[in-house]
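Heads up: the structure comes next, in structure tokens.
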Amino acid sequence: MTAVVCLAVGGAVLYLVAGSLTALRQEGWAFFTTARWSYRHGEFGAASMLFGSIAVALMALLLAVPLAIAAAVFLSEMCSRRVRVALKVAVELLAGIPSVVYGLLGVLFLRDWIAALFDRAGVDALSADTLLTAGVLLAVMVLPTIATLSDDALHAVPRVSREAARGLGLTRAETIATVVVPHAAPGLIGAVLLGFGRAVGETIAVFLVVGRADNRELSLNALFDAGQTITSKLGGSETNIAAGDPMHGSAMIALGLVLLTLVLCATLAAEGLRGRLAGAR
Amino acid sequence: MVILTLLIAGVANAAQPLRVNGSTTVNSVATEAAEALRAQKGMTIQVDTQGGSSGGISGIGDGTIDIGMASKTVSDEDRRRYPRVNFVTTEIGRDAVALIVSPDVWQGGVRALTKQQVRDIYEGRIRNWKEVGGADRRIVFFNKEPGRGTWEVFAHWLYGDPKKAPRVSHPEVGANEETRNKVGGTRGAISQLSASWAAGGVRALAIRLEDGTVADATAANIVSGRYPMARPLFLVTNGPPAGQAKVFIDYVLSLRGQELVRKHGYLALQDLKVRKEGVVAKKP
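As they're listed, the protein sequences go chains A and B.
Under numbering that gives the first Met the number 0, the first residue of the first sequence carries the number 0, and numbering increases by one thereafter.
Under numbering that gives the first Met the number 0, the first residue of the second sequence carries the number 0, and numbering increases by one thereafter.
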């Protein structure tokens, strides 16, 4: 089983690496460091997309992680078993909602809310399709995933540790803060990393609200403007066009490779941390 | 992004469905033609708009579809990309590409732009509507995404060749519906769109020609060539249409099919002929 999985992942990576060579050889490091993507001119600098992908994922985590961990503490430490199970089912249902549905809700509601927010805050945004909009939408999407995985991590902390802490006279809040959360930290970080992987790889919901503007400068201001992520580029019309042009096709495959690398690193790190927690138990 | 129109005919006709894909501009005609043929002949027809015109052309190139819909001509480059494919284009009507603006821009007094102004807006040298006689509002340019026939017609007009168009950084839009909704819902917005689709609040600007006169995208101006961004609408096949594809194309070319072309705001082939003759007749 493990061998099959390794073979499949290894094969995918090899294929992407081989396919990327043409473009990476032409562009060199400029593929990662310059923001000038224009297939009609044979230029492939993906920095804006790399920035966009990481920026939307980090914004999502910034918004989602505090809420998700708080929810997990509530689920694991403060609920009766029956309530916890019921709520956990609800949270996991949320995690299972197809992303295109989230995208639709983003188009129907979130965009208008962001527009109203910009108006009130005096932000002079061109439109409400922005990296921020995508980040907020992703936050909603990754929140249940991080919450339920964090709850698992907290719940895996042995009861004995809690009882010992309480026995020493710590309050419940102190027990959570000084014993349970530190003990579960690797698992919590793992949950956050898996959330990052999901956010960075999300395509359709992002595509619908990100604005798809190429070659934006890399700055904080750019967060309040239309942008492009690796996934919104790969999900767009260029994939169709690239098929007939070796250099363009190779550049698109290189984008896929970068995306896969980001997600693989996050997932492997997360599983490593979660594994360590399981081992310690 | 992708409007999937799946028309499934009666179970009786279990044959391979006729696969049609491409331009959203042609799609509105093709979808209705498909409905009619389904009802009349029980044909199974799938109409899809993945990748716009380029999606239609590459679909014929790859052999994944039977009829491509294109609102631009098949370029020499396309033919080079697929040397084994014999692209046959059948013109079914004509359409104009307009620059459409959001209601506030129209009310702000902008009704026509010169080619140079459009170029300056596209390349970011003009960033506010007040510079072209409108209200004080930033310009939001929604650019049709790569591969869309609309974009290519626009770029052809401004730069002579889409390849010469400069690298720009505008938010992109895809299908015609998306373009219209985004322009309609964003203050200070402008985009390229099939003139027939300018409805629901968004308005089509006229082009101010070099002689100072203003050309609207009217039928007469399209036929005479005064309006500069006109384009033929094509159904594309590999080799001359045959079998089910021929039935479909013949229907679109028939009187009923051409009525559909008109119904969606495009010029039918008959209109082109009559008007062309009319224009010729007027010349001494």
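Don't be surprised by glycine CBs; every beta carbon is placed ideally from N, CA and C.
For clarity, every value in this text was computed on a predicted model and none was experimentally measured.
Taking the straight line between their C-alpha atoms, what separation do you get for residue i and residue j?
{"i": "LEU6/A", "j": "LEU263/A", "result": "14 Å"}
{"i": "LEU109/A", "j": "LEU136/A", "result": "8 Å"}
{"i": "LEU125/A", "j": "TYR14/A", "result": "40 Å"}
{"i": "ALA138/A", "j": "GLY196/A", "result": "12 Å"}
{"i": "GLY58/B", "j": "LEU254/A", "result": "23 Å"}
{"i": "LEU266/B", "j": "PHE141/B", "result": "26 Å"}
{"i": "LEU60/A", "j": "LEU157/B", "result": "43 Å"}
{"i": "GLN115/B", "j": "THR202/A", "result": "37 Å"}
{"i": "VAL235/B", "j": "GLY67/B", "result": "5 Å"}
{"i": "ILE56/B", "j": "ASN20/B", "result": "9 Å"}
{"i": "ARG83/B", "j": "SER53/B", "result": "18 Å"}
{"i": "THR212/B", "j": "GLY224/B", "result": "14 Å"}
{"i": "GLY107/B", "j": "GLY133/B", "result": "5 Å"}
{"i": "ARG202/B", "j": "GLY184/B", "result": "13 Å"}
{"i": "SER160/A", "j": "GLY9/A", "result": "41 Å"}
{"i": "ALA184/A", "j": "LEU62/A", "result": "19 Å"}
{"i": "GLN191/B", "j": "ILE188/A", "result": "47 Å"}
{"i": "GLY248/A", "j": "ALA22/A", "result": "8 Å"}
{"i": "GLY168/A", "j": "PRO65/A", "result": "27 Å"}
{"i": "SER98/A", "j": "ASN180/B", "result": "22 Å"}
{"i": "ILE145/A", "j": "SER47/A", "result": "27 Å"}
{"i": "GLY148/B", "j": "LEU217/A", "result": "31 Å"}
{"i": "VAL16/A", "j": "LEU256/A", "result": "7 Å"}
{"i": "TRP112/A", "j": "GLN227/A", "result": "21 Å"}
Do the CB positions of residue i and residue j come within less than 8 Å of each other?
{"i": "THR48/B", "j": "ASN26/B", "result": "yes"}
{"i": "VAL131/B", "j": "GLY187/B", "result": "no"}
{"i": "VAL208/A", "j": "ALA133/A", "result": "yes"}
{"i": "VAL87/B", "j": "PRO239/B", "result": "yes"}
{"i": "SER331/B", "j": "VAL182/B", "result": "As displayed, chain B neither begins before 0 nor continues past 283, which places residue 331/B out of reach and without an answer."}
{"i": "PRO16/B", "j": "GLN45/B", "result": "yes"}
{"i": "GLY60/B", "j": "ARG80/B", "result": "yes"}
{"i": "ARG263/B", "j": "SER168/B", "result": "This sequence places His at residue 263/B; Arg is not what is there. Result no, Cβ atoms of HIS263/B and SER168/B do not sit closer than 8 Å."}
{"i": "GLY102/A", "j": "ALA198/A", "result": "no"}
{"i": "ALA205/B", "j": "THR23/B", "result": "no"}
{"i": "ILE96/A", "j": "SER149/A", "result": "no"}
{"i": "VAL172/B", "j": "GLU144/B", "result": "yes"}
{"i": "HIS40/A", "j": "ARG37/B", "result": "no"}
{"i": "ASP77/B", "j": "ARG18/B", "result": "no"}
{"i": "ASP119/B", "j": "ASN127/B", "result": "no"}
{"i": "MET77/A", "j": "LEU131/A", "result": "no"}
{"i": "ALA45/A", "j": "PHE31/A", "result": "yes"}
{"i": "LEU271/B", "j": "GLN257/B", "result": "no"}
Drop a sphere of 10 angstroms on the beta-carbon of residue i, count the other beta-carbons inside from all chains shown, and report buried for 16 or more, exposed for fewer.
{"i": "LYS349/B", "result": "Since the first residue shown for chain B is 0 and the last is 283, residue 349/B is missing from the structure and cannot be characterised."}
{"i": "VAL90/A", "result": "buried"}
{"i": "TRP28/A", "result": "exposed"}
{"i": "PRO245/A", "result": "exposed"}
{"i": "LEU222/A", "result": "buried"}
{"i": "SER253/B", "result": "exposed"}
{"i": "GLY62/B", "result": "exposed"}
{"i": "GLU26/A", "result": "buried"}
{"i": "ARG80/A", "result": "exposed"}
{"i": "PRO181/A", "result": "exposed"}
Checklist entry - Which residues, in order along the segment 157 to 169 of chain B, keep a beta-carbon less than 9 Å from a beta-carbon of chain A? => result So the close ones are PRO161, LYS162, LYS163, ALA164, PRO165, ARG166, VAL167, SER168, HIS169.
Next on the checklist: Give me the subset of the segment 45 to 58 of chain B whose CB atoms are less than 8 Å from a CB atom of chain A, sorted by chain position.
Outcome noted: Under the 8 Å Cβ criterion, the segment 45 to 58 of chain B contributes GLN49, GLY50, GLY51, SER53, GLY54, SER57.
Item to check | Contact residues within the segment 179 to 203 of chain B, judged by C-beta distance below 7 Å to chain A | outcome: THR185
Checklist entry - Any residues in the segment 38 to 56 of chain A with a beta carbon nearer than 9 Å to a beta carbon of chain B? Which ones, in chain order? => result TYR38, ARG39, HIS40, GLU42, SER47
Checklist entry - Taking three-plus beta-carbon pairs below 8 Å as touching, is the segment 89 to 100 of chain B in contact with the segment 197 to 217 of chain B? => result Verdict: yes, contact present.
Checklist entry - Which residues, taken in chain order from the segment 240 to 253 of chain A, show a beta carbon closer than 7 Å to some beta carbon of chain B? => result ILE240, ALA242, GLY243
Checklist entry - For the segment 156 to 170 of chain A against the segment 231 to 242 of chain A, are there 3 or more C-beta pairs whose distance is under 8 Å? => result no
Checklist entry - Between the segment 228 to 235 of chain A and the segment 151 to 158 of chain A, are three or more C-beta pairs nearer than 8 Å? => result no
Checklist entry - At a Cβ cut of 7 Å, what residues of the segment 129 to 143 of chain B count as close to chain A, listed as they run along the chain? => result ARG137, VAL139
Checklist entry - Using Cβ-Cβ distances below 9 Å, what residues of the segment 134 to 153 of chain A are close to chain B? => result So nothing in the stretch comes that close.
Next on the checklist: Give me the subset of the segment 69 to 88 of chain B whose CB atoms are less than 7 Å from a CB atom of chain A, sorted by chain position.
Outcome noted: Per Cβ criterion, the list reads ARG80.
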